[in-house]
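Student: For what it's worth, the numbering used here labels the leading residue of the sequence shown as -10, then goes sequentially.
Heads up, the beta-carbon is just placed ideally off N, CA and C, and yes, glycines get one too.
From a predicted model like this one, the values you see are computed outputs, not experimental measurements.
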Amino acid sequence: MQESIKAQSATNKTLWTYGIGSLGVGIKNNLLGTWLLFYYNAVLGLEAWLVTLAIGIALVIDAISDPFVGIWSDRVKTRWGRRHPFMYGAIIPFALCYYLILQDPGEISDSALFTRLLILMVLMRIAMTFYEVPRGALAPELTKDYDQRNKIAGIGMALGWVGGAGISFVHMEYFLVDDFTNGAGYQLLAFWGGLGIFISTVITTVGTHNRIPYLHVPPERSFQLGSFFSEAKETLSNRSWIVLFASGCVYSLVVGTDTGAGTYYNTYFWEWKPSDISSFAAWQALSVVCIALLAPWIAIGRSKKKIAVGIFLTSIVVGPLPMVLRLLEPVVGTQLFPSNGTDLIWWILLVHSCALVAIGSLGFVFITSMAMEIVEDVEKKNWEKRRRSARYCKFNDSKINWRRGSPNCWSYNHVGRF
-10 MQESIKAQSA TNKTLWTYGI GSLGVGIKNN LLGTWLLFYY NAVLGLEAWL VTLAIGIALV
50 IDAISDPFVG IWSDRVKTRW GRRHPFMYGA IIPFALCYYL ILQDPGEISD SALFTRLLIL
110 MVLMRIAMTF YEVPRGALAP ELTKDYDQRN KIAGIGMALG WVGGAGISFV HMEYFLVDDF
170 TNGAGYQLLA FWGGLGIFIS TVITTVGTHN RIPYLHVPPE RSFQLGSFFS EAKETLSNRS
230 WIVLFASGCV YSLVVGTDTG AGTYYNTYFW EWKPSDISSF AAWQALSVVC IALLAPWIAI
290 GRSKKKIAVG IFLTSIVVGP LPMVLRLLEP VVGTQLFPSN GTDLIWWILL VHSCALVAIG
350 SLGFVFITSM AMEIVEDVEK KNWEKRRRSA RYCKFNDSKI NWRRGSPNCW SYNHVGRF
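And the structure:
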């Protein structure tokens, strides 16, 4: 069946309402990428390899569930549209799992603690899938405008960082204060982080509900497993998608490893107290907001691909530079980086972290935007290919998060044994 794609643009209110949902995603990413391993390993005493095993198993289940939820969302037909029923259903489980995963389990065995973590991680990942995959598919349906695609990606990235960095600042400044192993601080994080996830997901889901009548409604079709695997194979053979996915994997390996091991670095390598660097999160968020909102203007008249390549190379070189300089000092026999605890090292690491997260976020903005353009390009060809295009948009969106987490699991196994 040949169908035309309706030209459509979204209001600023719609773009920002959609973007608010990224606050909850950012809060969740902050937990999984920064605090989860450290809490279970350094605070609760679970072996680092057991924590990473639970995280890894949950990631595998998440990777399997994503495309199935995606094609289910593509095919469902309700008076609330295709995406919103899943988003509504995920709100409470998503927030509740976040809250429960940080609760003090009391005096239990390592095997019981591992089982508890594994179950909660799997449930949280599945809840995330039911929210993030349909929400990711909703973005290119809200607007067909080229520049608005950049804008919606930029707003989402900016607000995601506001959520993650905001909760990180509050956690270090007011919950942990002077000790990264302060267990009571993590229980406070559980409540306020869970509440933030609940509020942001409700606002986005309810706030975009009025756009349902204006979204494209495809012909009703059945869920056939054989058809799914056939379409998935065709999608994975798309050259543009493969290049984008592969480059994103490499880039996310760099970003994810540094983020995942950050708490260990700050505690044992740079010897900070939480209150020493709590303001880093606020400045990082401000940097990301500024660069993400500038993304549409940065892309005007320029190739997104060339910009992304430049960003990737810069991140790879600049990212590990402070640590490399410190580790080279015993080799060269002279000081290459300021001593721990000095004002100078505080300012250098602040500027370095802000620059790194800003260019890193800009890279993910263009990855997301280019993914939307791939979807649009395939949509224009014919209906059969369009059916799978929406799916690999969701697949790419959810896998970006998976790629951030996956390298963390490997780095955790080594870093967690300091």
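Mapping the DSSP letters down to three states, classify residue 371 as helix, strand or coil.
Tutor: In this predicted model, residue 371 has a pLDDT of only 45, less than 50, meaning its place in the structure is not dependable; the value taken from the coordinates is given anyway. Here residue 371 sits in coil by DSSP.
Student: Taking the CB atoms as reference points, tell me whether residue 193 and residue 308 lie closer together than 8 Å.
Tutor: no
Student: Quick check on the burial criterion: 16 or more other C-beta atoms within 10 angstroms. Buried or exposed for residue 331?
Tutor: exposed
Student: Quick check: residue 270 and residue 154, are their CB atoms within less than 8 Å of each other?
Tutor: yes
Student: Taking a contact to mean a Cβ-Cβ separation below 8 Å, would you say residue 152 touches residue 98 in this structure?
Tutor: Cβ atoms of residue 152 and residue 98: not closer than 8 Å.
Student: Beta-carbon separation of residue 150 and residue 278 under 8 Å?
Tutor: yes
Student: When the Cα atoms are used, what is the spatial distance from residue 8 to residue 69?
Tutor: 20 Å
Student: Within 10 angstroms of its Cβ, does residue 383 collect 16 or more other Cβ (buried), or is it exposed?
Tutor: Note that residue 383 scores a pLDDT of 40, beneath 50, so its modelled location is shaky; the value from the coordinates is reported in the next line. Around the beta-carbon of residue 383, 16 or more other beta-carbon atoms lie within 10 Å, marking it buried.
Student: Over the uninterrupted alpha helix (DSSP H) stretch that includes residue 28, give me the two end residues.
Tutor: Counting along the chain, residue 28 falls outside any alpha helix (DSSP H), and DSSP gives it neither H nor E.
Student: Just to check my reading of the structure: residue 64 and residue 126 have Cβ atoms closer than 8 Å, yes? What is that Cβ distance to the nearest angstrom?
Tutor: About 12 Å; that fails the 8 Å criterion.
Student: Are the beta-carbon atoms belonging to residue 55 and residue 111 less than 8 Å from one another?
Tutor: no
Student: Please classify residue 333: is it buried, with 16 or more other beta-carbons within 10 angstroms of its beta-carbon, or exposed?
Tutor: exposed
Student: For residue 140, count neighbouring C-beta atoms within 10 Å of its own C-beta (all shown protein chains included) and say buried if the count is 16 or more, exposed if not.
Tutor: buried
Student: Where residue 431 and residue 108 are concerned, what is the direct C-alpha to C-alpha distance, given to the nearest angstrom?
Tutor: Here the chain has residues from -10 to 407 only, and residue 431 is not among them.
Student: Any idea if residue 4 is buried or exposed, counting beta-carbon neighbours within 10 angstroms, 16 or more meaning buried?
Tutor: buried
Student: Assuming residue 178 is part of the alpha helix (DSSP H), what are its boundary residues?
Tutor: 172 to 196
Student: Compute the Euclidean distance between the alpha carbons of residue 258 and residue 62, then round it to the nearest angstrom.
Tutor: Looking at the two C-alpha atoms, the distance is approximately 45 Å.
Student: Check whether the Cβ atoms of residue 106 and residue 40 lie closer than 8 Å to each other.
Tutor: yes
Student: Indicate whether residue 164 and residue 184 have their beta-carbon atoms separated by less than 8 Å.
Tutor: no
Student: Let me know if residue -10 comes out buried or exposed under the rule of 16 or more other beta-carbons within 10 Å of its beta-carbon.
Tutor: The predicted position of residue -10 is uncertain, since its pLDDT is 41 and thus under 50; a value taken from the coordinates is nonetheless stated next. Exposed, by the Cβ-count rule.
Student: Going by Cα to Cα distance, which pick from 166, 147, 349 is closest to residue 264?
Tutor: 166
Student: By a C-beta neighbour count over all protein chains shown, 10 Å radius and 16 as the cutoff for buried, is residue 88 buried or exposed?
Tutor: buried
Student: Secondary structure at residue 410, three-state DSSP: helix, strand or coil?
Tutor: For the chain, the structure presents residues -10 to 407; residue 410 sits outside this window and is missing.
Student: DSSP three-state label for residue 169, please.
Tutor: coil
Student: Less than 8 Å separating the beta-carbons of residue 250 and residue 354?
Tutor: no
Student: With C-beta atoms as the reference, is residue 75 less than 8 Å away from residue 58?
Tutor: yes
Student: Go to residue 11, then tell me how far its alpha helix (DSSP H) extends in each direction, as first and last residue.
Tutor: 1 to 19
Student: Going by Cα to Cα distance, which pick from 345, 92, 132 is closest to residue 275?
Tutor: 345
Student: Excluding the five sequence neighbours on either side, which residues of its own chain have a C-beta within less than 6 Å of the C-beta of residue 402, listed in chain order?
Tutor: For residue 402, the predicted model reports a pLDDT of 40, less than 50, meaning its position is unreliable and no value from the coordinates is stated.
Student: What residues in its chain sit with their C-beta under 6 Å from that of residue 13, if we drop five residues either side in the sequence?
Tutor: So the qualifying residues of the chain are 186, 189, 190.
Student: Just to confirm my understanding: we take residue 391, look at its own chain, exclude 5 residues before and 5 after, and list those with CB closer than 7 Å. What are they?
Tutor: Confidence at residue 391 is low in this model, with a pLDDT of 38, below 50, so its placement is unreliable and the value that follows should be read with caution. If we look at residue 391 and ignore the five residues flanking it on each side, its Cβ neighbours are 48, 51, 52.
Student: Within 10 angstroms of the Cβ of residue 6, are there 16 or more other Cβ atoms? Answer buried if so, exposed if not.
Tutor: buried
Student: Taking the alpha-carbon positions, what's the residue 30 to residue 43 distance?
Tutor: One C-alpha to the other measures close to 12 Å.
Student: Excluding the 5 residues flanking residue 350 on each side, which residues of the same chain have their C-beta closer than 7 Å to its C-beta?
Tutor: 146, 150, 277, 280, 281
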